[in-house]
Each structure stands twice: as structure tokens, then as C-alpha cells.
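Everything below concerns the one structure shown next.
Protein chains: 2
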Amino acid sequence: MRYVDAAGMSLDDYPRPSVAVDTAVLTVEHRELCVLLVQAPEAEPSTGWRLPGTFLHPGETLADAVARSLRDKAGVEGLRPEQLHVFDDPGRDDRGWVLSVAHLDVVRADRVPVRTGQRLVPVAGVPDLPFDHGAIIGFAVGAIRDRYGGAPDPFGLVDTAEPDGSFTLRELRLVHEAVAGHRLQPDSFRRMMRGLLEDTGRMGVGRRGKPAELYRRRGE
Amino acid sequence: MRYVDAAGMSLDDYPRPSVAVDTAVLTVEHRELCVLLVQAPEAEPSTGWRLPGTFLHPGETLADAVARSLRDKAGVEGLRPEQLHVFDDPGRDDRGWVLSVAHLDVVRADRVPVRTGQRLVPVAGVPDLPFDHGAIIGFAVGAIRDRYGGAPDPFGLVDTAEPDGSFTLRELRLVHEAVAGHRLQPDSFRRMMRGLLEDTGRMGVGRRGKPAELYRRRGE
DNA sequence: ATAATTTAGCGCACTAACGCGCTAAAACGC
DNA sequence: GCGTTTTAGCGCGTTAGTGCGCTAAATTAT
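Protein chains in written order, with this note's numbering: chain A, 1 to 220; chain B, 1001 to 1220.
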């Protein structure tokens, strides 16, 4: 039985906003934190580069919509999108009343297909973007830096050769430096990570000098 | 001219969710962090205690809706609500497709009117609540503790006798202890705050012993 | 076989923060 | 006037973290 309120109205009888999701997809490429931009289709009123986004469909959670958007618009299989902020200015979109729920998603660069109409841009050099997409990137960068400040590679960005996902301290540090946007002192970094990693007992390969030990995250 | 997309549809032709706002109003009463609960009207399908909330109306921002909700449902003039999280399970509400944007608002206890159908409950002893209201309170407590960890009374909770809003170190510390939920060592607290406060040059009154100096936040 | 390179760890000097006991100062109570 | 109470600040011992130079170990290059 369909619900009606004290005024005899159902929820659908009231005006409602469209709800969009926009996602700042962050990755590390060439030791730099980058964001994925896609080109708007010609039919859109505001063309140019922007963050991938879509409208929320019935039966979906926001994360479902983010995943659909990244798959359809950018060929990226998203992982675990996290909410950042809701942009709610009633006049923010010329098409009508639209709320946008900004998200962060983080994927390894090798999972972002190279194709026309999309590119990875260093977050330190983002061009002007429509809507609130510049602000969304700012939120996303703050959120990923916060997460990487307290845990080893929480989003799985380390691109390791090992099938079991283990990595060297140097590989881990290079990713953390890319996210942080500045150099990290190796000794302090090791001490911070010491209690959060466990030694696999195996050694890495492929470089001169003493081979590095392979680690995985504690509790994995 | 009203916008239509490539399929000749306007935004209103597509199904859209109702958007609600729910607010964890936090305050300090009797040196304890408390949350405001209101009683649901009898006509609602789910009666009992809950957080104040409402549906978003056209032309409003989320903060507008929060303010209207707190004024109408609880007689509280809200200050600056902050977004916490969007609860988006399509099946979370029996009435239909409803998203809820959870918020935090912080007010001094003397701004919460005492009236039937509402009460302040210590966050350490919240009863079971409908929907995701328990989770919302959890988010809110985490957010306020984070904010109070790095700045002197960011939400203006100190209930001072001074017309210019200045306060003593002890008054400030008692509020920070209520928010943190544990005791703070006075000397360490003073050292942390030293650079964030400025001395008004005036002294407080009303207690035995050396009167305390009055401070205000630096940059106020 | 030796030199060069890289890694992991540590000793050490230094910096920063904590918590407590103590003192001086400034009020009130008697 | 003196005792009591409260506040602000500090000295000090302790704990924790940082960055660097150094060493030993384990590889590759010559």
C-alpha cells in the first residue's frame, strides 16, 4: 500500500531535486597525484573537460551510480567511492534543480584505459572546470592526503610486480610521496610504517645492491 | 526556456528521490556532550524519539532546510550546520525513495528551549533510534571531537558571563573536556591554546583565589 | 675477487611535548 | 593581618619523534 501523508499526498507529489554524483578519480602516474578528466559530449550545454558524473537512478545507492558513471563514461571499474560533500546551490545548474554528491575514488593508473575524450591531469595543474568540479578536486585531495597520513597505502595504489600484492618500502614510500606532494624522510617513514606492516620473509628483485624486503599490510 | 535533453525529456520527467535532512544537534550540558532528540508526531509511521529532520524544499540549500527544521521542530535557531554523510539505501524508508543528508549543528545549551516532545540526551547514553539516526550521532560526535582537537571552542559552546564573549582558560578547558569525553591536563591544555588565544587584559570575577585572566580567540 | 650500489637498522644529537611539583601573585574568608 | 584558595607560569625529568652518518649485508658490474 502506497504511503500518503496527513495532507493525502505521496512523496512523489512534492517537488524533488535531481541528484547527481560527480567523482574525482585520483591515481598516481609518474610519481605524481593525478585526477581523471573526461570531455563533455557536444550535446551538453557546458562542453570541455570535467569530472565524470551521472544522475542517480531508482534503486541505486550513490556508490552504484558512481560505479556506473565511471564504467560508462571512462571505462574505469571503480573500487570503493567515498562521499566528500553535497553541492546544493539551487541555481548551480542551468538545466534545473540539481544536487551533486561529490565523491572520491582511487584507482591504480594501469586501470584507467587510455582513450580519446579523457586524460589524467596532475592535481597540481588542474585547468578551470565547470560547476564546482575544482572544489570537488580540492576536497578529494584533502581526503586522500588525510587517509595516507595514517595508514600504509589504504587505497592500494602501489603498483607491485608481486602477484600477492606485497611491496618494498621504497615502492610504498614513492606512492606516499606522490600523494603527499612532498618528499618523505626514509628513516622516519620506515619507523612510522614498522608497526603497520609485516615482513613476508621474501625479497624483491630487479635492482643493484642489497635486495629489498617485501612487506604486506598487517591484518591483510 | 526550459532545458530538454537529447531524448526530449526535462529533468522533471525522470524519477527522483526525496531528499531529507537529519541533524544531530550537539551541545554541552552539565559538562557532558549531549544530543537533541525530538518526539515524532503520532501520525508518523515510526513514532518515538529521533533526530529533527525535514524534506528539502525547492529553492533551499541543505543548510536552509536544516535551519527551518530546527526552528519548526525544536525551536532552535541553528547556527552553521555542517554536512556529515548521505544515507542512500533505496529501501531505508518505508514511505518511498528517500536520501537523507546527515548534518551536525552545535549550539549552546541555553539556546535549546525546554519543552514537551524534546530532550537533551548524553551522547554516551543514546537509546536505539529509527533509521540511521544512531549512525548519524556517531558521525557527529567524531566530527565535533575532530574540530575541538585543533582549535579553541570552534563552535562557541563556552557559556561565559562576559558580554564580549571572552572566557577563562578553565571555562574553555571544561567545554573541551565535555566534548572530548575525558579529562585534559591543564598545563598541556594551556600550552596548546597559548598561541591560539589572546589576552584581553581583563580578569574574571566570582570565585575565591587569584582571578583568572580573560581570553578571546586570536583573530576574532 | 673486488668495487659499486642499494637496503635495513641503529646510535646519537637534537627537538618537541608531557605531567608534576613548586612558586609568586591575587583574590576572599575569618 | 593571616590563612586559604585559585591561577599562571616555569623548571625539570621523562617520553617520543626526527634526521643523519655510519655499518653490515647482499646484490650486480667489472
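Note that beta-carbon positions come from the ideal geometry of N, C-alpha and C, so glycine has one too.
Item: Between which two residues does the beta strand (DSSP E) carrying residue 32 (chain A) extend?; Value: 32-39
Item: Hey, residue 144 (chain A) and residue 179 (chain A): beta-carbon distance below 8 Å or not?; Value: yes
Item: According to DSSP, what are the bridge partners of residue 1203 (chain B)?; Value: B:1213
Item: Spell out whether any CB of chain A is found under 8 Å from the CB atom of residue 1030 (chain B).; Value: no
Item: What are the boundary residues of the beta strand (DSSP E) that residue 175 (chain A) is part of?; Value: Taken as a continuous stretch (DSSP letters only), residue 175 (chain A) belongs to no beta strand (DSSP E), being part of the alpha helix (DSSP H) at 169-180.
Item: Does chain B have any CB closer than 8 Å to the CB of residue 187 (chain A)?; Value: no
Item: Name, going along the chain, the residues of the stretch 1069-1098 of chain B whose beta-carbon falls closer than 8 Å to a beta-carbon of chain A.; Value: 1083, 1085, 1086, 1088, 1089, 1090, 1094, 1095, 1096, 1097 and 1098
Item: Indicate whether at least one CB of chain B lies closer than 8 Å to the CB of residue 59 (chain A).; Value: yes
Item: Could you have a look at residue 1028 (chain B) and say whether DSSP puts it in helix, strand or coil?; Value: strand
Item: Contact defined as beta carbons within less than 8 Å: I believe residue 16 (chain A) pairs with residue 1018 (chain B). What is the distance between those atoms, to the nearest angstrom?; Value: 5 Å
Item: Label residue 1023 (chain B) either buried or exposed according to how many other C-beta atoms from any shown protein chain fall within 10 Å of its C-beta, with 16 as the threshold for buried.; Value: buried
Item: From what residue to what residue does the beta strand (DSSP E) around residue 1105 (chain B) run?; Value: 1098-1106
Item: Using a Cβ-Cβ cutoff of less than 6 Å, which residues in the same chain neighbour residue 221 (chain A) once the five nearest sequence positions on both sides are dropped?; Value: Residue 221 (chain A) cannot be examined here, being either before or after the span of chain A that is shown, 1 to 220.
Item: Is residue 1140 (chain B) close to the ligand FMN? I mean its beta-carbon at under 7 Å from any heavy atom of the ligand.; Value: Within the structure as shown, the ligand FMN is missing, as the structure has no ligands at all.
Item: Which word fits residue 50 (chain A), buried or exposed, when buried means at least 16 other C-beta atoms lie within 10 angstroms of its C-beta?; Value: buried
Item: Exposed or buried, which one is residue 1186 (chain B) when buried takes at least 16 other CB atoms within 10 Å?; Value: exposed
Item: Kindly indicate if chain B contains any beta-carbon less than 8 Å away from that of residue 3 (chain A).; Value: yes
Item: Taking only beta carbons into account, state which residues of the stretch 158-190 of chain A come closer than 7 Å to chain B, listed in chain order.; Value: none
Item: Using a Cβ-Cβ cut-off of less than 8 Å, give me the residues of the stretch 1099-1114 of chain B that come near chain A, in sequence order.; Value: 1099 and 1101
Item: I'd like to know whether the C-beta of residue 148 (chain A) is nearer than 8 Å to at least one C-beta of chain B.; Value: no
Item: Entirely within the stretch 52-97 of chain A and at least 3 residues each: give me those beta strand (DSSP E) ranges in chain order.; Value: 53-55 and 82-87
Item: Near residue 170 (chain A), which residues of its chain fall below 7 Å by C-beta distance, leaving aside the five closest residues on each side in sequence?; Value: 212
Item: Answer yes if the stretch 1103-1111 of chain B comes into contact with the stretch 1078-1086 of chain B, meaning at least three C-beta pairs across the two stretches below 8 Å, and no otherwise.; Value: yes
Item: Find out if the Cβ-Cβ distance for the pair residue 123 (chain A), residue 27 (chain A) is shorter than 8 Å.; Value: no
Item: If we count the other Cβ atoms within 10 Å of its Cβ and call it buried at 16 or more, is residue 10 (chain A) buried or exposed?; Value: exposed
Item: My guess is that residue 146 (chain A) and residue 175 (chain A) are in contact by the Cβ rule of under 8 Å, so how many angstroms apart are they, rounded?; Value: So it is not a contact: roughly 15 Å between Cβ atoms.
Item: Below 8 Å between beta carbons: does that hold for residue 1194 (chain B) and residue 1184 (chain B)?; Value: no
Item: Less than 8 Å between the C-beta atoms of residue 1036 (chain B) and residue 1074 (chain B), yes or no?; Value: yes
Item: Please confirm if residue 50 (chain A) has its CB atom under 8 Å from at least one CB of chain B.; Value: no
Item: Please identify, using Cβ separations under 9 Å, the residues of the stretch 10-38 of chain A that lie next to chain B, in order along the chain.; Value: 10, 11, 12, 14, 15, 16, 17, 18 and 19
Item: Of the residues B:1109, B:1116 and B:1196, which one's Cα is nearest the Cα of residue 1150 (chain B)?; Value: B:1196
Item: List, from N- to C-terminal side, the alpha helix (DSSP H) runs of 4 residues or more that fit wholly inside the stretch 130-172 of chain A.; Value: 133-148
Item: Listing by chain order, which chain B residues have their CB less than 9 Å from the CB of residue 55 (chain A)?; Value: 1011, 1014 and 1016
Item: I'd like to know if residue 1062 (chain B) contacts chain A, where contact means its C-beta is closer than 8 Å to some C-beta of that chain.; Value: yes
Item: Quick one: what's residue 1021 (chain B) bridged to in DSSP?; Value: B:1054 and B:1101
Item: Going by Cα to Cα distance, which pick from B:1140, B:1209 and B:1177 is closest to residue 1030 (chain B)?; Value: B:1177
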